[in-house]
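Novice: Numbering (the numbering used here), first residue to last: 856 to 1139. Quick reminder that beta carbons are idealized off the backbone N, C-alpha and C, glycines included.
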Amino acid sequence: MNISRIAVVGAGTMGGGIIQLAAQNGLEVVGVEASEAGVAAARERIEAGLAATAARGKITAEQAERARSAFTLTTDLTEITKADLVVEAVFEDVELKKQLLGEIDRLVGPDTLIASNTSTIPLVILAAATSRPEQVVGLHFFNPVPAMRLVEVIKTPVTEQRCIDALTALATSLGKSPVLVNDVPGFVGNLLIVPYLLDAIRAFERGVADMESIDAVITLGFNHKMGPFRLSDLIGLDIVHDMAASMYEEYKDPRYFPPPMLKQYVRLGWLGRKTGRGFYTYDD
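The following block contains the structure:
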């Protein structure tokens, strides 16, 4: 299955990163946002991402310029109809995703593949909202999308092998390292990382150590590039909270229940690097 044109519905942090990645690898991309303000913000985000990627020497200035002409942004969902693959990348709200996937299913042709970038919602719930559950695959990119090599390719019991193969090949062509995962809430990455992040917050709440010390234990003692508080700020505290709440709803395991401090920071609008304040304060 040849995939040369893709559509990304939802051009926020993750969707914008997917658009940038696809465009700089020569694919024709259309991104869909709910409002003109969302389109403007997405364009600014993608342009900044291309500039930063070029500045780090990962792509040339010429490649960045070609990528700028390879993507378009719109509020018109019907623009997805010519895509070989449509990737849903809106925030983790199961009813919103089900509604959107149903609309996508009705708009695109019978051979079009549908993917979701969901990080915690069982894929089978989303696939069942379409008339083609066998053609729905999970493509869970990690943030920041252009830099992180991992992509979890998620399959349900009814996913056709040809669709899995096509999206695994696509991820590889985008310079990623795809890993095939069965459909469980949180898949592999978030199944393991969310309790770790929440346990770090709880340790700080209990006064075991301050944030800097906990981060230092992980970076210096376990040779991780980033401690749990820096990592939470990079992911976005709202995203960490929503992933935890979604997984708690599925598993009813207290390890996934969002700690009070995390809830407070989200309510304050302290969401991490993207807002300039999370567990740490950022000037850039």
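1) In whole angstroms, what separates the C-alpha of residue 1078 from that of residue 1018?
2) Do you know offhand how far residue 1095's Cα is from residue 1072's?
3) Using beta-carbon positions only, say whether residue 866 and residue 902 come within less than 8 Å of one another.
4) Skipping 5 residues on each side, what residues in its chain have a beta carbon closer than 7 Å to that of residue 891?
5) For residue 1041, which of helix, strand or coil comes out of DSSP?
6) If you follow the alpha helix (DSSP H) that residue 893 is part of, which residue opens it and which one closes it?
7) Between which residues of its own chain and residue 949 is the CB-CB distance below 7 Å, once the five residues before and five after are set aside?
8) Decide if the stretch 1117-1135 is in contact with the stretch 1016-1030; the criterion is three or more beta carbon pairs, one per stretch, under 8 Å apart.
9) Can you give me the start and stop residues for the beta strand (DSSP E) that residue 862 sits inside?
10) Quick one: give me the first and last residue of the alpha helix (DSSP H) that residue 932 is part of.
11) Compare the C-alpha of residue 1128 against each of 984, 1097, 1086 and 954 and name the closest.
12) Going by Cα to Cα distance, which pick from 1020, 928 and 1105 is closest to residue 895?
Specialist: Once the coordinates are examined:
1) Taking the first residue of the sequence shown as 1, we reach residue 1078 at position 223. Taking the first residue of the sequence shown as 1, we reach residue 1018 at position 163. Taking the straight line joining both Cα atoms gives about 37 Å.
2) Position 240 of the sequence shown, counted from the start, is the residue given in the question as residue 1095. Position 217 of the sequence shown, counted from the start, is the residue given in the question as residue 1072. Per the coordinates, the alpha-carbon of residue 1095 lies some 21 Å from the alpha-carbon of residue 1072.
3) As a working mapping, residue 866 is identified with position 11 in the sequence shown. As a working mapping, residue 902 is identified with position 47 in the sequence shown. Not a contact, by the Cβ cut-off of 8 Å.
4) As a working note, residue 891 is residue 36 in the sequence shown. Taken in chain order, the residues that qualify are 930.
5) The count along the sequence shown starts at 1 and reaches residue 1041 at position 186. Annotated three-state conformation of residue 1041 is coil, per DSSP.
6) On the sequence shown, position 38 is the one that residue 893 refers to. Counting along the chain, the alpha helix (DSSP H) containing residue 893 begins and ends at 891-910.
7) Within the sequence shown, the letter at position 94 stands for residue 949. Excluding sequence neighbours, residue 949 sits near 976 and 980.
8) no
9) Sequence index remark: in the sequence shown, residue 862 carries index 7 (1-based). From DSSP, the beta strand (DSSP E) with residue 862 extends over 860-864.
10) For the purposes of this step, residue 932 is identified with residue 77 of the sequence shown, where counting begins at 1. Per DSSP, residue 932 lies in no alpha helix (DSSP H) and is assigned neither H nor E.
11) Locating residue 1128 in the sequence shown gives position 273, counting from the first residue. That would be 1086, whose Cα lies nearest to the Cα of residue 1128.
12) Walking along the sequence shown from the start, residue 895 turns up at place 40. It is 928 whose Cα lies nearest to the Cα of residue 895.
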